[in-house]
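Peer 1:
Protein chains: 4
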Amino acid sequence: MISNTLQSVASDNNAGVHPRILQAMADANQADAIAYGDDPWTKALAAQFQALLGPDCRSFPVFLGTAANVLCLQAMTQPWEAVICAPSAHINRDECGAAEAVAGRKLLTTAPNPQGHGKIFPRDIEPLLGSRGFVHQVQPRVVSITQSTELGVCYSLDELRDLADFCKQHDLLLHMDGARLPNACAALGCSLKEMTADVGLDALTLGGTKNGMMFGEAVVVFRDDLAAALPFLRKQGMQLVSKMRYLSAQLLELYGTELWLENARHANAMAAMLAGRVAGVPGLEFVHPVQTNALFVRAPRPLLARLREEFFFYFWDDGASDRPVARWMTSWSTSQEAVQRFVYRLEAALQG
Amino acid sequence: MISNTLQSVASDNNAGVHPRILQAMADANQADAIAYGDDPWTKALAAQFQALLGPDCRSFPVFLGTAANVLCLQAMTQPWEAVICAPSAHINRDECGAAEAVAGRKLLTTAPNPQGHGKIFPRDIEPLLGSRGFVHQVQPRVVSITQSTELGVCYSLDELRDLADFCKQHDLLLHMDGARLPNACAALGCSLKEMTADVGLDALTLGGTKNGMMFGEAVVVFRDDLAAALPFLRKQGMQLVSKMRYLSAQLLELYGTELWLENARHANAMAAMLAGRVAGVPGLEFVHPVQTNALFVRAPRPLLARLREEFFFYFWDDGASDRPVARWMTSWSTSQEAVQRFVYRLEAALQG
Amino acid sequence: MISNTLQSVASDNNAGVHPRILQAMADANQADAIAYGDDPWTKALAAQFQALLGPDCRSFPVFLGTAANVLCLQAMTQPWEAVICAPSAHINRDECGAAEAVAGRKLLTTAPNPQGHGKIFPRDIEPLLGSRGFVHQVQPRVVSITQSTELGVCYSLDELRDLADFCKQHDLLLHMDGARLPNACAALGCSLKEMTADVGLDALTLGGTKNGMMFGEAVVVFRDDLAAALPFLRKQGMQLVSKMRYLSAQLLELYGTELWLENARHANAMAAMLAGRVAGVPGLEFVHPVQTNALFVRAPRPLLARLREEFFFYFWDDGASDRPVARWMTSWSTSQEAVQRFVYRLEAALQG
Amino acid sequence: MISNTLQSVASDNNAGVHPRILQAMADANQADAIAYGDDPWTKALAAQFQALLGPDCRSFPVFLGTAANVLCLQAMTQPWEAVICAPSAHINRDECGAAEAVAGRKLLTTAPNPQGHGKIFPRDIEPLLGSRGFVHQVQPRVVSITQSTELGVCYSLDELRDLADFCKQHDLLLHMDGARLPNACAALGCSLKEMTADVGLDALTLGGTKNGMMFGEAVVVFRDDLAAALPFLRKQGMQLVSKMRYLSAQLLELYGTELWLENARHANAMAAMLAGRVAGVPGLEFVHPVQTNALFVRAPRPLLARLREEFFFYFWDDGASDRPVARWMTSWSTSQEAVQRFVYRLEAALQG
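Protein chains in written order, with this note's numbering: chain A, 17 to 368; chain B, 17 to 368; chain C, 17 to 368; chain D, 17 to 368.
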């Protein structure tokens with residue numbers, strides 16, 4: 017049997033699968049089931065999402081977050097319509113051009129705003145609306161935000177409502193990349209519905225993998241036209257899961273119980289614990305507030321190099337700076353002991 | 017807990033997951049692992065495929081077969097190059113236009129040939145090569161075949177070699193959709209390598225889901241240019257699995273042992289058993305030879321309707337014929353008892 | 017000055033530009049004009065098309081026929097919707113996969129029907145509608161026909177009405193590739209409106225280049241949703257002409273007078289004259305009826321080879337047959353003398 | 017006959033066609049010619065471009081500049097490769113997302129640099145190269161520059177050589193959008209070859225329409241792989257002109273004589289004359305240096321409004337500023353009298 021002893025603070029997708037999720041998958045392994053979603057688990061999941069997020073939502077489980085984002089944005093736009101997002105957005109930076117290559121859509125990035133920590137606001141969007149009706153330029157149609165952002169920071173409910181109002185006033189649709197929405201809910205003490213349907217979202221990419229699942233996310237839409245398009249886009253976009261029951265069973269365990277919240281709370285708590293220990297260390301500097309499960313820490317390169325001998329993590333800027341930024345991320349599976357080992361190793365590294 | 021009592025002969029993807037596969041997934045659930053394939057399971061899998069299929073192959077696990085096909089064909093062609101396939105090919109009929117919409121490629125279907133049972137031969141391909149160099153028409157570049165075919169029939173080794181030779185002579189690449197390649201190997205008593213690398217394939221979609229896995233297939237390529245393109249196409253094509261270890265662990269259990277062959281042999285044997293019982297029934301007629309795990313049976317509509325009250329299956333033609341064609345398919349999980357129940361129910365239905 | 021003495025019966029696009037068209041272009045060469053269609057010629061053209069084809073039509077001049085077809089079909093379909101056409105359709109055979117590569121759409125070709133001479137009928141379309149609502153297969157949405165067909169044959173008004181009725185009954189849209197619609201109107205003695213708006217077309221590609229223009233065709237649509245999409249699709253599809261007045265002036269001269277009809281009548285008459293002379297020649301055989309400006313003639317290869325020493329034309333099948341098929345095509349510019357020279361040369365060739 | 021009395025300083029594409037170009041088109045209107053480029057004019061043009069730009073170049077006339085850019089960039093990149101350009105680049109701002117929708121490519125824009133006036137430099141490109149080899153991000157492959165820029169400013173030969181050297185060192189290809197390259201050559205006193213082949217360009221979009229032609233540009237490539245791809249991409253990209261002789265004859269008149277240079281010199285001279293008169297006007301401010309045929313002038317809104325009653329032009333920023341920026345552009349056809357009328361009207365407007 018392959019053994020694996022990596023210690024990672026690189027990403028919540030380096031974590032394993034939560035035991036209750038694994039059990040739910042095993043429990044679904046009984047008899048035959050019709051493929052492609054016509055099974056009892058997927059039906060129960062659809063009902064559960066409506067219970068959680070409102071009776072008007074429709075849910076479409078897919079394999080992964082990039083696909084959830086791209087297919088959702090494709091459904092929300094015509095070919096000449098564009099998606100406004102932050103430069104740091106996953107769809108812009110980390111999906112290898114899928115929005116452009118698979119969906120054929122142009123992304124319009126807002127001006128860089130270091131104080132935004134990955135968030136965008138109506139004042140960032142407004143300058144991008146000048147092309148309306150001008151046939152030579154793409155037509156802005158969707159605003160896509162990430163909650164919590166790629167930099168670990170949360171939009172407040174008020175900020176979300178302002179964005180939704182602005183979108184309505186300007187005939188824009190609002191999409192949320194919620195790969196880490198549970199972490200934001202845990203941080204702000206909000207329900208999933210308060211953060212999505214209640215503020216007036218049009219569509220949501222709801223995360224699973226980063227919060228204890230093995231694979232899978234859900235596209236959740238609040239408009240009939242999107243609900244009509246997504247079954248075909250999902251199949252054509254190579255995201256219609258054959259043995260869907262094993263994906264739906266995971267989502268059902270996560271979102272049919274409070275597991276989504278418990279996992280996210282735990283990850284956030286471990287990040288807070290780590291942040292508390294790091295805060296006092298001379299020479300280390302947080303470049304973004306620690307609100308969820310990510311720490312972005314600027315530190316001397318030799319220190320980070322020594323740390324990386326034991327704990328895997330990513331450098332977040334790729335320059336040759338003496339003091340690069342590291343991302344340290346916790347997950348549902350991060351233990352207090354792991355945080356302590358990390359801090360211990362950090363302290364040892366500090367002493368040379 | 018959701019209970020599920022469906023009896024299905026509809027598809028090998030209605031089956032559950034083989035217990036050894038499920039165990040392999042659970043065994044992989046230990047500690048952290050770097051995401052996106054930089055983990056010990058995926059590395060072991062790459063080595064295992066080279067052991068099985070030759071040191072020059074490179075393997076790329078993906079979520080599902082449609083993606084394996086589309087990304088592979090995209091890598092094999094320029095935008096103006098076309099893929100020749102049978103009208104019944106999965107890429108042509110059952111992927112909702114993904115080859116055209118996602119990869120932008122035109123498929124050129126061979127002339128219908130009812131005697132081919134989904135197979136195509138050099139004589140079918142030749143008439144499609146007339147456009148070479150003519151800028152107004154797409155340029156044939158790839159021949160894509162399915163082994164075993166969508167109609168359950170196998171190419172012999174000689175037929176494969178003839179195709180590969182023809183392709184080499186005509187500057188064409190050869191791709192095999194091997195979603196059910198294990199069933200063909202089991203039927204013909206060939207190894208995977210004899211059926212692929214040894215005949216001169218350029219690229220292979222190797223099935224997992226239909227043969228006992230939960231999800232996942234592998235693109236296997238035998239050319240350096242394809243190996244260089246696929247890492248990026250896989251990511252951009254929304255098929256780079258985050259927690260890859262759980263996919264690689266499945267493929268490793270299946271193809272690192274003889275499980276792939278045992279499962280396929282069992283499915284074929286159950287189909288043969290069922291075919292033996294059906295063969296004697298008056299009014300039922302096989303429309304394709306039963307060589308692997310699929311039966312295509314023409315029968316009176318009322319009979320099929322009664323059968324479907326108990327066993328789920330698909331009608332394979334959609335007309336209003338009095339005697340439609342049903343597809344009955346077995347899998348690794350089909351038991352002798354299930355075949356007997358099915359036959360018993362069939363006999364009861366025959367008697368009204 | 018470059019001199020050019022080619023004699024061609026290859027295509028109506030080998031002809032030059034009609035002197036009245038050239039004059040209209042020169043007349044438009046006055047002062048400044050706003051680019052991209054906001055000029056008096058384009059406005060007059062829009063009004064003229066409404067006078068000709070009905071007040072509900074909207075017209076969009078583009079550079080060439082391939083683009084007119086592809087952009088029109090893109091506007092008429094969602095990504096998962098397909099276009100039904102004959103195998104011989106220009107969009108399927110002669111546009112180098114543009115429908116698939118640029119628009120991402122799958123074409124569903126009807127079964128080969130040698131008696132159709134490029135026409136398709138409801139009975140050809142019906143078998144392709146079985147996939148409705150089945151998410152694994154593209155959804156038929158448009159029927160695209162060519163009038164006159166690529167093989168020179170015309171749909172009758174009754175045949176067009178039958179198709180339009182069938183489409184309405186089956187929730188399909190009807191598109192006509194009218195690159196040679198003037199020739200069909202001339203042949204049947206119908207107006208443009210009788211052949212298009214009156215039968216219930218949804219969209220039309222209306223030819224110009226093959227009927228005496230220098231470049232340019234018009235997309236004409238009869239639905240508001242198509243009219244809303246086309247300005248953006250035309251720009252994005254790289255077909256928004258900068259100095260549009262020179263295209264609109266051509267179309268205005270052609271369709272604002274009876275020039276379109278005179279040119280087409282002349283081309284048809286020259287084809288009829290040629291056909292009359294060819295009909296009596298032993299060893300020559302028409303493979304399609306001569307109804308418009310094209311002759312498809314099967315003849316001994318050596319004879320055709322000798323003819324081609326003097327007159328340029330295409331072989332229409334690419335095999336190695338002893339008796340291949342040649343296409344001979346007349347145009348607005350074909351003179352009686354040219355026909356006589358061709359016939360004379362043919363007779364000489366016959367005598368060895 | 018439609019009459020047209022617009023006075024425009026809006027764009028060089030509002031001008032008519034140079035009489036020598038129109039004559040060349042009329043001269044080409046003789047006898048038959050094989051379509052799609054197999055004609056004597058196109059062959060002579062290919063030779064002429066090789067004489068002008070070096071024997072290794074290959075030329076592909078197309079209808080318009082958007083297509084020249086998009087097809088060229090598509091040929092230069094794999095689907096996962098990206099094009100680096102300035103935010104103000106035509107491909108980014110003014111092609112309605114064609115690069116993304118038609119070619120499927122992502123553009124990476126350099127950081128805004130008001131001092132660049134549309135130019136980019138190695139220091140702007142360097143920060144975008146960090147993703148090399150990282151499968152989650154698009155791979156930079158092409159740098160696309162505009163000469164002269166959309167803001168009327170020229171790269172010096174040294175700046176071009178620096179860019180080309182940088183590209184070679186970093187395994188990047190260099191593309192020039194030369195829609196107004198003649199204006200840059202006229203401004204700097206360089207030949208076309210010095211500005212393109214000699215600095216090490218890989219591919220060039222060479223303008224025609226803005227410099228006195230009716231329609232058409234040329235893609236010129238200096239690499240064999242691009243030359244092999246472009247015939248098919250041009251056809252598939254809906255840019256293969258049917259009656260090509262009329263496009264080639266225009267390009268031959270323009271680039272086979274010094275007309276390209278005379279027209280560009282004249283346009284530049286008229287812009288300089290206008291700039292000289294504007295320079296002394298209080299309250300008006302140039303926002304970019306006037307090096308070619310464009311003036312970008314910030315002025316009080318009421319003044320611009322009065323001017324626009326007589327002369328058509330565009331506002332270049334779309335905000336609600338009291339002092340917006342207008343673009344005034346001259347062309348081959350701008351007369352000294354027109355400049356004087358414009359200045360006279362400006363002076364009158366200044367006095368209220």
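Where a beta carbon is used, it is the ideal one built from N, C-alpha and C, also for glycine.
Cβ closer than 9 angstroms: which chain A residues qualify as neighbours of F248(C)?
Peer 2: Counted from its first residue, the third sequence places residue 248(C) at position 232. Those are Q94, P95, W96, E97, V151, V154, Q155, listed as they occur along chain A.
Peer 1: Can you check which of these residues, E325(A), I141(A), L197(A), is closest to D279(A) by C-alpha distance?
Peer 2: Taking the first residue of the first sequence as position 1, residue 279(A) is located at position 263. The amino acid occupying residue 279(A) in the given sequence is Asn; Asp does not appear at that position. That would be L197(A), whose Cα lies nearest to the Cα of N279(A).
Peer 1: Leaving out five residues before and five after T308(B) in sequence, what residues of the same chain have Cβ atoms less than 6 angstroms from its Cβ?
Peer 2: For the purposes of this step, residue 308(B) is identified with residue 292 of the second sequence, where counting begins at 1. Hits under 6 angstroms: S164, G168, N199, A203, N284.
Peer 1: At a cut-off of 7 angstroms, would you count A115(C) as near the ligand FMN, judging by its Cβ distance to the nearest heavy atom?
Peer 2: Although the ligand FMN was asked about, the structure shown includes no ligands whatsoever.
Peer 1: Give me the residue from L22(B), A51(B), L208(B) with the minimum Cα distance to T273(B).
Peer 2: Sequence index remark: in the second sequence, residue 273(B) carries index 257 (1-based). With distances taken between Cα atoms, T273(B) lies closest to L208(B).
Peer 1: Taking C-alpha atoms, which residue in G120(D), R109(D), I100(D) lies nearest to I375(D)?
Peer 2: Because residue 375(D) is not part of the residues shown, which for chain D are 17 to 368, the question remains open.
Peer 1: Using the Cα positions of F182(B) and G228(B), report the straight-line distance between them to the nearest angstrom.
Peer 2: As a working mapping, residue 182(B) is identified with position 166 in the second sequence. As a working mapping, residue 228(B) is identified with position 212 in the second sequence. Rounded to the nearest angstrom, the two C-alpha atoms are 34 angstroms apart.
Peer 1: Check the Cβ-Cβ distances between G32(D) and every residue of chain C, and say whether any is below 8 angstroms.
Peer 2: Here residue 32(D) is taken as the residue at index 16 of the fourth sequence, counted from 1. So, interface residue.
Peer 1: Please classify A219(A): does DSSP put it in a helix, a strand, or coil?
Peer 2: Working through the first sequence from its first residue, we reach residue 219(A) at position 203. DSSP places A219(A) in strand when its eight states are reduced to three.
Peer 1: Could you check the C-alpha separation between L89(A) and R74(A) for me, to the nearest Å?
Peer 2: Position 73 of the first sequence, counted from the start, is the residue given in the question as residue 89(A). Position 58 of the first sequence, counted from the start, is the residue given in the question as residue 74(A). For L89(A) and R74(A), the distance between alpha carbons rounds to 15 angstroms.
Peer 1: To the nearest whole angstrom, what separates the beta carbons of V313(A) and F302(A), a pair I think is in contact under 8 angstroms?
Peer 2: Here the question's residue 313(A) lines up with position 297 in the first sequence. Here the question's residue 302(A) lines up with position 286 in the first sequence. About 6 angstroms separates the two Cβ atoms, so the contact holds.
Peer 1: In whole angstroms, what is the alpha-carbon distance linking L311(C) and N30(C)?
Peer 2: Mapped onto the third sequence, residue 311(C) falls at position 295. Mapped onto the third sequence, residue 30(C) falls at position 14. When rounded, the distance between both Cα atoms is 16 angstroms.
Peer 1: Three or more C-beta pairs closer than 8 angstroms, one from the region 18-35 of chain B and one from the region 224-239 of chain B: is that the case here?
Peer 2: Touching, yes, given that three or more Cβ pairs across the two stretches are closer than 8 angstroms.
Peer 1: Touching or not, the region 50-68 of chain B and the region 114-126 of chain B, by the rule of three or more beta carbon pairs under 8 angstroms?
Peer 2: With a cut-off of 8 angstroms, the region 114-126 of chain B and the region 50-68 of chain B do not count as touching, because too few Cβ pairs lie within range.
Peer 1: Run through the region 113-180 of chain B for me and flag every whole beta strand (DSSP E) of 3 or more residues, listed as ranges in chain order.
Peer 2: Correct list: 123-125, 155-162.
Peer 1: Comparing the C-beta of K59(D) with each C-beta of chain B, is any distance below 8 angstroms?
Peer 2: The sequence position of residue 59(D) within the fourth sequence is 43, counting from 1. For K59(D), the answer is no, since every Cβ of chain B falls outside 8 angstroms of its Cβ.
Peer 1: Compare the C-beta of A203(B) against all C-beta atoms of chain D and say whether one is closer than 8 angstroms.
Peer 2: Start at 1 with the first residue of the second sequence, and residue 203(B) comes out as number 187. So, not an interface residue.
Peer 1: Does the beta carbon of D110(D) come closer than 8 angstroms to any beta carbon on chain A?
Peer 2: Taking the fourth sequence and counting its residues from 1, the one referred to as residue 110(D) is at position 94. Closer than 8 angstroms: yes.
Peer 1: Give me the residue from F248(C), P298(C), L267(C) with the minimum Cα distance to H34(C).
Peer 2: By one-based count along the third sequence, residue 34(C) stands at place 18. Closest by alpha carbon: L267(C).
Peer 1: Helix or strand or just coil, what does DSSP make of F327(D)?
Peer 2: In the fourth sequence, the residue the question calls residue 327(D) occupies position 311. Coil, per DSSP.
Peer 1: Can a CB atom of chain B be found closer than 8 angstroms to the CB of S299(C)?
Peer 2: Along the third sequence, read from residue 1 onward, the residue named residue 299(C) stands at position 283. Checking the sequence, you will find Gly at residue 299(C) rather than Ser. No, no contact with chain B.
Peer 1: Could you tell me whether the Cβ of G224(B) comes closer than 8 angstroms to any Cβ of chain A?
Peer 2: As a working note, residue 224(B) is residue 208 in the second sequence. False, the Cβ-Cβ gap to chain A never drops below 8 angstroms.
Peer 1: Please report whether the beta-carbon of A117(A) lies at a distance below 8 angstroms from any beta-carbon of chain D.
Peer 2: Counted from its first residue, the first sequence places residue 117(A) at position 101. Answer yes: the Cβ-Cβ gap between A117(A) and chain D drops below 8 angstroms somewhere.
Peer 1: Distance check for R317(A) and A245(C), CA to CA, integer angstroms please.
Peer 2: Within the third sequence, residue 245(C) is the residue found at index 229, counting from 1. Within the first sequence, residue 317(A) is the residue found at index 301, counting from 1. Near 54 angstroms, if we compare the C-alpha coordinates of R317(A) and A245(C).
Peer 1: Counting only beta-carbon atoms, is F120(C) nearer than 8 angstroms to chain B?
Peer 2: Reading the third sequence from its first residue, position 104 is the one you call residue 120(C). According to the sequence shown, residue 120(C) is Gly rather than Phe. Interface residue, yes.
Peer 1: Do we get a CB-CB distance below 8 angstroms when we pair A245(A) with the residues of chain C?
Peer 2: For the purposes of this step, residue 245(A) is taken as the residue at position 229 of the first sequence. With 8 angstroms as the cut-off, A245(A) counts as an interface residue toward chain C.
Peer 1: Could you name each continuous alpha helix (DSSP H) segment of 4 residues or more that falls completely within the region 59-85 of chain C, going from the start of the chain to the end?
Peer 2: Here no run is fully enclosed.
Peer 1: Which runs of the beta strand (DSSP E) fall wholly inside the region 191-254 of chain A and span at least 3 residues, in chain order?
Peer 2: You should have 219-222, 233-237.
Peer 1: Is it true that the CB of F231(D) sits closer than 8 angstroms to the CB of K259(C)?
Peer 2: Counting from one through the third sequence, the residue named residue 259(C) turns up at place 243. Counting from one through the fourth sequence, the residue named residue 231(D) turns up at place 215. Yes. Within cutoff.
Peer 1: Please return the same chain residues whose Cβ sits closer than 6 angstroms to the Cβ of L176(C), not counting the five positions on each side in sequence.
Peer 2: Here the question's residue 176(C) lines up with position 160 in the third sequence. So the list reads V215, once near-sequence residues are dropped.
Peer 1: Spell out whether any CB of chain B is found under 8 angstroms from the CB atom of I18(A).
Peer 2: Here residue 18(A) refers to the residue found at position 2 of the first sequence. Cβ-Cβ to chain B under 8 angstroms: yes for I18(A).
Peer 1: Please check if any C-beta of chain D sits within less than 8 angstroms of the C-beta of G113(A).
Peer 2: Position 97 of the first sequence holds residue 113(A). Yes, contact with chain D.
Peer 1: Kindly indicate which three-state DSSP category I107(D) falls into: helix, strand or coil?
Peer 2: If you number the fourth sequence from 1, residue 107(D) lands on position 91. The answer is helix: DSSP assigns I107(D) an H, G or I state.
Peer 1: Which residue from Y171(C), A105(C), A51(C), L144(C) puts its Cα closest to that of P103(B)?
Peer 2: Looking up residue 103(B) in the second sequence gives position 87. Nearest of Y171(C), A105(C), A51(C), L144(C) to P103(B), Cα basis: L144(C).
Peer 1: Answer with yes or no whether the minimum CB distance from Q255(C) to chain A is below 8 angstroms.
Peer 2: As a working note, residue 255(C) is residue 239 in the third sequence. Chain A contact via Cβ: absent.
Peer 1: Using DSSP's beta-bridge definition, name the partner residues of S24(B).
Peer 2: For the purposes of this step, residue 24(B) is taken as the residue at position 8 of the second sequence. For S24(B), which the question treats as bridged, DSSP gives the partners F328(B).
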